[in-house]
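Here's the structure, in structure tokens; my notes come after.
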Amino acid sequence: MSTNNVEEKKNEELYNLLNILEEEFNLSKIENKNNNKNDDGDDDDVNKREDNNNNEYYKKLKDEKGLDVLINEYTTSLKISKKYNIDHNKVMGMIKKLETLYYIINLIKSFNTYHLSDEGKQYLKEGSPEFIVIKYVIQNNKCTLEDLKKNLGKIGDIGLNTNLKNHFTQIYLDIINQYGHDEELLFAHLKNKNHTKNALNNNEMKNSCKDNNIINNLIQDLKKRKLLEIKKNSYSHVIKTSIFKKDIKKQITDINYLLLKNEEYKKYDIKKYNFFSSGKKINKGNIHLLTKQMRTFKEIFFSLGFEEMETHNYVESSFWCFDALYIPQQHPSRDLQDTFFIKEPETCIDKFVDTEYIDNIKRVHTHGDYGSFGWNYKWKLEESKKNVLRTHTTANSCRALFKLAKEYKEAGCIKPKNILVSIVF
Numbered sequence: 012m013s014t015n016n017v018e019e020k021k022n023e024e025l026y027n028l029l030n031i032l033e034e035e036f037n038l039s040k041i042e043n044k045n046n047n048k049n050d051d052g053d054d055d056d057v058n059k060r061e062d063n064n065n066n067e068y069y070k071k072l073k074d075e076k077g078l079d080v081l082i083n084e085y086t087t088s089l090k091i092s093k094k095y096n097i098d099h100n101k102v103m104g105m106i107k108k109l110e111t112l113y114y115i116i117n118l119i120k121s122f123n124t125y126h127l128s129d130e131g132k133q134y135l136k137e138g139s140p141e142f143i144v145i146k147y148v149i150q151n152n153k154c155t156l157e158d159l160k161k162n163l164g165k166i167g168d169i170g171l172n173t174n175l176k177n178h179f180t181q182i183y184l185d186i187i188n189q190y191g192h193d194e195e196l197l198f199a200h201l202k203n204k205n206h207t208k209n210a211l212n213n214n215e216m217k218n219s220c221k222d223n224n225i226i227n228n229l230i231q232d233l234k235k236r237k238l239l240e241i242k243k244n245s246y247s248h249v250i251k252t253s254i255f256k257k258d259i260k261k262q263i264t265d266i267n268y269l270l271l272k273n274e275e276y277k278k279y280d281i282k283k284y285n286f287f288s289s290g291k292k293i294n295k296g297n298i299h300l301l302t303k304q305m306r307t308f309k310e311i312f313f314s315l316g317f318e319e320m321e322t323h324n325y326v327e328s329s330f331w332c333f334d335a336l337y338i339p340q341q342h343p344s345r346d347l348q349d350t351f352f353i354k355e356p357e358t359c360i361d362k363f364v365d366t367e368y369i370d371n372i373k374r375v376h377t378h379g380d381y382g383s384f385g386w387n388y389k390w391k392l393e394e395s396k397k398n399v400l401r402t403h404t405t406a407n408s409c410r411a412l413f414k415l416a417k418e419y420k421e422a423g424c425i426k427p428k429n430i431l432v433s434i435v436f
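Counting in this note's numbering, the sequence shown runs from 12 upward without gaps.
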């Protein structure tokens with residue numbers, strides 16, 4: 012089907028809907044159905060709030076668009092769909108189109124329908140588990156837990172738990188007994204079965220009762236037991252406006268020379284520009300998810316009184332990243348983490364740390380100290396000066412400990428509470 016044919020078909024369907032709406036609006040006006048609207052189970056307070064909001068919107072339309080809302084002339088998408096045998100989704104789509112032209116007011120409402128699950132249908136047919144269990148107990152003049160599970164299986168477990176909760180049965184020395192006389196108890200459960208069966212007897216039902224606690228409690232109980240599936244259905248409550256008409260002119264956004272010369276523009280509606288609408292928002296970038304997460308962790312530690320170590324040195328010397336942590340040079344232990352070496356500048360400055368500290372590190376690597384034997388190899392300063400992208404934040408911890416040690420020698424007392432949450436490479 013060509014594009015023109017599709018467009019013509021859509022226009023034809025829209026014109027048909029306009030005629031249908033005109034007919035339904037006239038009927039509603041004549042029959043004066045305004046006072047008999049279905050409230051779909053809403054309470055009075057909700058309806059009043061909704062009416063107040065709608066009235067404010069109608070007043071705004073009157074002030075800005077100069078149109079009146081004829082609240083006594085209305086219909087619903089469900090009624091049109093059912094009465095004229097039109098797909099409801101198609102009706103909703105065309106109503107939204109007419110709403111943009113302000114021919115109608117489109118109020119979206121909803122109601123629930125309730126469908127039995129497969130388990131619910133089984134209970135409707137065979138009886139509830141609690142009924143089956145109590146019937147089995149009475150017919151067998153008491154029974155053991157083992158007999159119940161063997162003969163009734165999962166249904167027996169469900170029914171027994173429900174009966175114990177409702178005090179219809181009791182267990183004593185692994186024997187299941189019933190409360191009360193057999194006839195009275197069986198009658199009570201037969202009554203309960205019929206009540207549940209009546210409640211389940213419709214595969215679809217609509218709760219149209221106002222503030223009906225019994226029905227609401229029953230629905231919640233069946234839903235909790237997964238015997239009922241609830242589906243929310245939306246529909247349009249359509250109200251006529253003062254500019255409603257049974258024809259639609261094609262809208263145009265631009266007027267050219269030919270339209271003016273031949274006065275063709277009179278055949279169309281000129282679409283009004285909204286000079287107050289917002290332009291398309293441009294995404295100027297967002298904070299990375301990992302950065303957000305790091306900030307969250309930092310805030311937690313800051314609230315506990317911690318301070319953050321210096322974290323800006325993403326490029327680190329091999330001395331702080333490896334040697335100061337006693338990871339040997341030219342050794343497989345450095346292969347545990349992938350390392351990115353820097354080409355420019357390839358090495359750090361000569362006096363990057365105290366000579367005394369360098370000598371201590373060299374001694375421990377070469378000969379050992381503090382009870383260790385060291386790595387027993389020739390440690391090279393040139394290797395430790397090579398710049399890398401830091402492979403772990405422990406390098407910053409090592410720097411901080413070195414700084415704190417110097418402060419301790421000078422002040423004799425420190426109370427560090429430091430954390431570092433940052434990126435590595």
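Glycine included, C-beta positions come from ideal geometry on N, C-alpha and C.
Since the structure is predicted, the reported quantities are computational estimates derived from the model, not experimental observations.
Can you tell me whether DSSP reads residue i as helix, strand or coil?
i: Phe8; result: Outside the shown range of the chain (12 to 436) lies residue 8, about which nothing can therefore be said.
i: Lys20; result: helix
i: Ser139; result: coil
i: Ser433; result: coil
i: Leu78; result: coil
i: Ile360; result: coil
i: Glu67; result: helix
i: Leu32; result: helix
i: Ile425; result: coil
i: Leu400; result: strand
i: Leu383; result: In the sequence under discussion, the amino acid at residue 383 is Ser, which differs from the Leu named in the question. The answer is coil: DSSP assigns Ser383 none of H, G, I, E or B.
i: Ser288; result: coil
i: Phe255; result: coil
i: Asn96; result: coil
i: Tyr337; result: coil
Would you report the Cα separation of residue i and residue j, rounded to the nearest angstrom?
i: Ile106; j: Lys235; result: 37 angstroms
i: Lys48; j: Ile298; result: Bear in mind that the predicted position of Lys48 carries a pLDDT of just 48, short of 50, making it unreliable; the figure below should be weighed with that in mind. Rounded to whole angstroms, Lys48 to Ile298 spans 51 angstroms at the Cα level.
i: Asp380; j: Tyr337; result: 12 angstroms
i: Pro343; j: Gln304; result: 33 angstroms
i: Ser314; j: Thr307; result: 11 angstroms
i: Leu38; j: Lys278; result: 31 angstroms
i: Ala335; j: Lys428; result: 21 angstroms
i: Asn22; j: Leu109; result: 12 angstroms
i: Thr180; j: Gly167; result: 13 angstroms
i: Leu81; j: Lys93; result: 24 angstroms
i: Asn407; j: Lys292; result: 41 angstroms
i: Lys391; j: His378; result: 14 angstroms
i: Leu300; j: Gly290; result: 27 angstroms
i: Leu156; j: Lys243; result: 42 angstroms
i: Asn66; j: Asp98; result: 31 angstroms
i: Tyr325; j: Arg401; result: 6 angstroms
i: Cys409; j: Tyr388; result: 23 angstroms
i: Lys40; j: Glu34; result: 10 angstroms
i: Thr350; j: Phe436; result: 8 angstroms
i: Tyr26; j: Lys73; result: 26 angstroms
i: Asn214; j: Asn267; result: The predicted position of Asn214 is uncertain, since its pLDDT is 45 and thus under 50; a value taken from the coordinates is nonetheless stated next. Near 60 angstroms, if we compare the C-alpha coordinates of Asn267 and Asn214.
i: Glu75; j: Thr264; result: 21 angstroms
i: Lys420; j: Asp365; result: 15 angstroms
i: Asn64; j: Leu159; result: 59 angstroms
i: Leu135; j: Ile230; result: 15 angstroms
i: Glu355; j: Ile434; result: 21 angstroms
i: Lys71; j: Phe36; result: 23 angstroms
i: Ala411; j: Gly423; result: 17 angstroms
i: Gln348; j: Lys417; result: 30 angstroms
i: Lys309; j: Leu415; result: 21 angstroms
i: Leu271; j: Phe287; result: 28 angstroms
When DSSP builds the beta bridges, which residues end up paired with residue i?
i: Asp280; result: Gln262
i: Thr87; result: His248
i: Phe351; result: None, per the DSSP bridge assignment.
i: Glu240; result: His126
i: Leu163; result: Paired residue(s): none; Leu163 is not in a bridge.
i: Glu327; result: Val399
i: Ile116; result: Ile250
i: Glu319; result: Ile430
i: Ser121; result: Ser245
Between the segment 257-273 and the segment 72-90, are three or more C-beta pairs nearer than 8 angstroms?
no
Using 8 angstroms as the threshold, is the segment 248-256 in touch with the segment 101-121, meaning 3 or more CB pairs across them?
yes
Three or more C-beta pairs closer than 8 angstroms, one from the segment 359-373 and one from the segment 323-335: is that the case here?
yes
Contact the segment 351-361 vs the segment 388-400: 3+ CB pairs below 8 angstroms:
yes
Contact between the segment 173-180 and the segment 140-158 (3+ Cβ pairs under 8 angstroms):
yes
Would you be able to state if there are at least three C-beta pairs under 8 angstroms between the segment 116-132 and the segment 237-249?
yes
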